[in-house]
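These protein sequence lines are chains C and P, in that order. Each residue of the first sequence is one higher than the one before, counting from 1 in the UniProt record's numbering. Each residue of the second sequence is one higher than the one before, counting from 1 in the UniProt record's numbering. Built from N, CA and C at the ideal position, the CB exists for glycine as well.
There are 2 protein chains.
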Amino acid sequence: MIQMPPPDASVLAQRQAIVQALRDALPGAVIDDAAETRAYECDALSAYRCAPLAVVLPSTTEEVSRLMRLCHDLRVPVVPRGAGTSLAGGSMPTEDAVIIGLSRMTEVLEIAPGDRLIRVQAGRTNLSVSGAVDGLGFFYAPDPSSQLACAIGGNIAMNSGGAHCLKYGVTTNNLLGVTLVLMDGSVVELGGPMGEGSGLDLLGVVCGSEGQLGIVTEATLRILPKPAGARPVLIGFDSSETAGACVAAIIRAGIIPVAIEFMDSPCIRATEAHAGAGYPDCGALLIVEVEGTAAEIGEQLTLIRDIATRFDPIEFRESRSEDESRRIWLGRKSAFGAMGQMGDYICLDGTIPVTALPQVLAGIGRLSRDYGLSVANVFHAGDGNMHPLIIYDANKPGDLDRAEAFGADILRLCVQAGGCLTGEHGVGIEKRDLMSEQFAPADMEAQMRVKDAFDPDWLLNPAKVFPLEVSASRRERRLNRPADAA
Amino acid sequence: MIQMPPPDASVLAQRQAIVQALRDALPGAVIDDAAETRAYECDALSAYRCAPLAVVLPSTTEEVSRLMRLCHDLRVPVVPRGAGTSLAGGSMPTEDAVIIGLSRMTEVLEIAPGDRLIRVQAGRTNLSVSGAVDGLGFFYAPDPSSQLACAIGGNIAMNSGGAHCLKYGVTTNNLLGVTLVLMDGSVVELGGPMGEGSGLDLLGVVCGSEGQLGIVTEATLRILPKPAGARPVLIGFDSSETAGACVAAIIRAGIIPVAIEFMDSPCIRATEAHAGAGYPDCGALLIVEVEGTAAEIGEQLTLIRDIATRFDPIEFRESRSEDESRRIWLGRKSAFGAMGQMGDYICLDGTIPVTALPQVLAGIGRLSRDYGLSVANVFHAGDGNMHPLIIYDANKPGDLDRAEAFGADILRLCVQAGGCLTGEHGVGIEKRDLMSEQFAPADMEAQMRVKDAFDPDWLLNPAKVFPLEVSASRRERRLNRPADAA
């Protein structure tokens, strides 16, 4: 929790004036009561909290534009917020910022099954996008664990993935267009039914930009026909390294299952104690799901069985019914809840080439012993998107700091293996100071030039993504630039 | 052909000084003899030509960086060039520009089949990328018609597709990372083995940016395992509209063949006269290719036959052998050559939602009658990427102008149907003045802000992508900006 000194009288008056201007601009949509803004103090990275200046909940693109123009003219920072499920602090406010929340923007604007697309307001939840087209035989592919709650706008900001993204790709592969409101209130349309076709592909850079470039208010999304069928297998191994090597062999063979999920021994035990899914007590297990017609499923499972056999599996459990499929997935879907029972945890999402899995898993084990902190691994193995959970005790002084240092070392390990800091959670505040581990100064400079282009005063979602020192000095420099260079 | 007045003596001296500076920077790599630069006067949009100031052929990223810094300091525009196969004038020089050509940069830098990637220098041809991994059982998916000649760097600049991109996506879906040299000579690394993971996804905006942001010198590309087998079917229909409706029905059913190619009657006749592939004489035909194991191929073809039957096909010819497959593809692969025999042509590549195919095809037919110019349609129908070929006579005064006006009307039709100006050829010089048909001023302004960020003086690949008037005034404004705002 970041402790702030109480603001003095002139600051208070200034804050009240800003709130009044917001109320005038959008009556009935402004929250500034301390009791009510509490829900907006943090996102799912709840170790960090800060009360915002105010929260505004617009209902239309035009209202977002009006609010942005106002904040721009008043030089008030803006923090965009979908459903606040970010795991990296991506929607955490600063005390001088206005949160623009998308929770009232949940409409379906268009469904065109023939062109395989849906257009929605960006506050709509991920799962209810699939819900809107389910009866037509379609679904929206990206499926983050938080899909019941998380908003499409947040998915776009973080370029979210999910268990099934091995086959279907992450958000950027399923996004056709957005309506984007820039910091100065101007509204731009990027992409459309055909995606981004001519000129510069700004859609790609906006997806995953963590609210640094603008606020997405509407999105056109690719929908896919539901597969004829799907079947998971559970494969148990004696060690994490062996399971990792089997993943690499499956991918190398060119098989693309819908999902390859990985759980190691600490995770399996916690999950069994919590959900009792009947998993084998082994060093690590994989859940591999394939889909298609009966013939396609049969062929893929034969190939996977042949490969797995080479790694001496302890168990190869193929689902024979809906109920068995549900039980195979039950433990994996309960894993994060189960870990919560074990203690406080930090969840990372460094991503590595699949061939590096055995080596990085071994490295994480070594670090765990060095730091004296437990780690459990549960992740999307097929595309190398790791989710090590570091267990610590929030009530034990110094434990959080140690857990964070451990996390940073894991991410360094990922970068050294040719990977990156984040696969789907974003950099947020959590990993901003690690960006220089992945990017050379010229690389980061190129990113910040684009930020300059969209948000010259660095008012949007401040203090995130870029190292704090760098973004603070950049903002300072821009605010003090000569007027004629605006 | 753009006619230029002969340069006066001071301009000549200035040009000679620039050429000398280039020679000093990179001995043995500069071409400025008029006979030798002739090959660089145009690309595949050969109706437009202009001799460059000079051509330089570097061999390494460091050499490209040295040249870019020099041109930047001398304020000399730079035109990047892959193999010069662009169909939209994307690599056409201006008379004051230095061409930096990639033809010497053809090395394979790394092959990692386990991580399914290859890293190459950007001058390597598309087909020879697949060639480098063929023996390992892999291929590189994007396959533009020019794949024997075109360079990966050009593919990235135009975000090229190809007949098989319906299933595998276009370049941006198969690109993991690039080394990019900016106009000031700085070298940035975007993406890598895991694609672009943290911070802003600059890789996406660089792909398809038509050389406006920098020169790609090295690329990390996704390679895919070769499918077990593939089989095409040829389906003949009585009209273009019916064939278009059948494409929409296949896509709507959720089948994703590897390719759905479309040829109309004028194209079929020209192709038959040229290549004699044995195509039926009908209103339009589709070539649909599916791939996978024998069981997968069988299931998909059954579904496609069921759908096609609803549209009363004149013929449904399923390949039964390698030789029959070759013959089915023969006509399609000869189509562009065959059209060349019919006269001069302009090839467009507007892209539309597949449900709009029947309506847009009918509209093109009406325009063809209005303009009194023949049009032949041959294109990637599955993803709505049209390639209308407008036939004209270059020796007939006014015919090119009429053909261009006809082309512009077709592209307006595409944009009105929810599509865009270009699917894979780029905007180049050909469609720059049509950009305002697709983009509102705020949309185009957002694109140009990114251009400003990477190339503040607008020196890179000038007079392309953006409407000529807009980009000229933008460049002017930037060059005259106060020094402290640089």
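Would P/Met158 pass as an interface residue toward chain C - the criterion being a Cβ-Cβ separation below 7 Å?
no
Compare the C-beta of P/Leu200 with all C-beta atoms of chain C and state if any pair is closer than 7 Å.
yes
Indicate, with yes or no, if the ligand MN has a heavy atom lying under 6 Å from the CB of P/Arg119.
As presented, the structure is devoid of all ligands, the ligand MN included, so that no description of it is given.
CA nearest to the CA of P/Val354, picked from P/Asn395, P/Lys333 and P/Ala253
P/Ala253
Backbone CA spacing between C/Ala275 and C/Met263 [nearest angstrom]:
14 Å
C/Glu324 versus C/Pro313 - alpha carbon distance
19 Å
Closer than 8 Å at the beta carbon, the chain C residues around residue 489 of chain P
Nothing can be reported for residue 489 of chain P: it is not among the residues displayed for chain P, which extend from 1 to 486.
Could you please give the first and the last residue of the uninterrupted alpha helix (DSSP H) stretch that includes P/Met342?
Glu322 to Met342
If we define contact as Cβ-Cβ less than 7 Å, is P/Ser209 a contact residue for chain C?
yes
Measuring CA to CA, which of C/Ile99, C/Gly84 and C/Asp134 is closest to C/Ala29?
C/Ile99
Proximal residues to P/Arg478 (C-beta, below 8 Å), its chain only, five neighbours per side dropped
Asp452, Pro456, Asp457 and Trp458
Compare the Cα-Cα distances from P/Ala277 to each of P/Val216, P/Gly236, P/Arg326 and P/Arg49 and report the closest residue.
P/Arg326
If distances are taken between C-alpha atoms only, which option among P/Ala25, P/Ala54 and P/Pro27 comes closest to P/Ala39?
P/Ala54
Note down the Cα distance separating C/Thr60 from C/Val76, rounded to an integer number of angstroms.
21 Å
Counting only beta-carbon separations shorter than 7 Å, does P/Ile307 have a partner in chain C?
no
Which same chain residues end up closer than 6 Å to P/Met444 when comparing Cβ atoms and leaving out the 5 residues on each side of it in sequence?
none
Whole alpha helix (DSSP H) elements within the region 213-280 of chain P, 4-residue minimum
240-252 and 265-275
Positions along the region 129-156 of chain C whose CB lies within less than 7 Å of some CB in chain P:
none
For a cutoff of 7 Å on Cβ pairs, would you count P/Val170 as touching chain C?
no
In chain order, which continuous runs of the beta strand (DSSP E) of length 3 or greater are located wholly inside the region 343-375 of chain P?
344-347
Rounded to whole angstroms, how far is the Cβ of P/Leu400 from the Cβ of P/Gly350, which I believe are closer than 8 Å?
Their Cβ separation, rounded to whole angstroms, is 19 Å, which puts P/Leu400 and P/Gly350 out of contact at 8 Å.
Exposed or buried, which one is C/Val11 when buried takes at least 16 other CB atoms within 10 Å?
exposed
Tell me, please, whether the region 360-374 of chain P touches the region 229-242 of chain P by the rule of three or more beta-carbon pairs shorter than 8 Å.
yes
Along the region 262-296 of chain C, what residues have a CB closer than 7 Å to any CB found in chain P?
Thr293, Ala295 and Glu296
8 Å Cβ cut-off: residues of chain B touching P/Gln212:
Absent from the structure is chain B; the protein chains it does hold are C and P.
Contact list for P/Glu476 against chain C, beta-carbon separation under 8 Å:
The premise fails here: P/Glu476 is roughly 16 Å from chain C at the closest Cβ pair, so nothing lies under 8 Å.
With P/Thr309 as the anchor, note down where its beta strand (DSSP E) starts and where it stops.
Here P/Thr309 belongs to no beta strand (DSSP E); instead the alpha helix (DSSP H) covers Ala294 to Thr309.
Pairwise C-alpha distance: C/Val233 and C/Ala417:
29 Å
Which term fits C/Lys431, buried or exposed, when burial requires 16 or more other beta carbons within 10 angstroms of its beta carbon?
buried
Bridge-paired residues (DSSP) for P/Val380:
Here the sequence assigns His to residue 380 of chain P, which means Val is not the residue at that position. Per DSSP, P/Glu261 and P/Asn385.
Does the Cβ-Cβ distance between residue 569 of chain C and C/Thr220 come in under 7 Å?
Residue 569 of chain C lies beyond the residue range present for chain C, which begins at 1 and ends at 486; the question has no answer from this structure.
Where the beta strand (DSSP E) through C/Ala284 begins and ends:
Ala284 to Glu291
Can you check DSSP and say which residues form a bridge with P/Cys420?
P/Thr351
Candidates P/Leu330, P/Gly423 and P/Ala273, of which the one nearest P/Met339 by Cα
P/Ala273
Closer than 7 Å, Cβ to any Cβ of chain P: which residues of the region 454-474 of chain C, in chain order?
Phe454 and Val465
Could you give the C-beta distance for C/Asp344 and C/Asp409, rounded to a whole number, given that I count them as a contact under 8 Å?
19 Å between Cβ atoms; not a contact.
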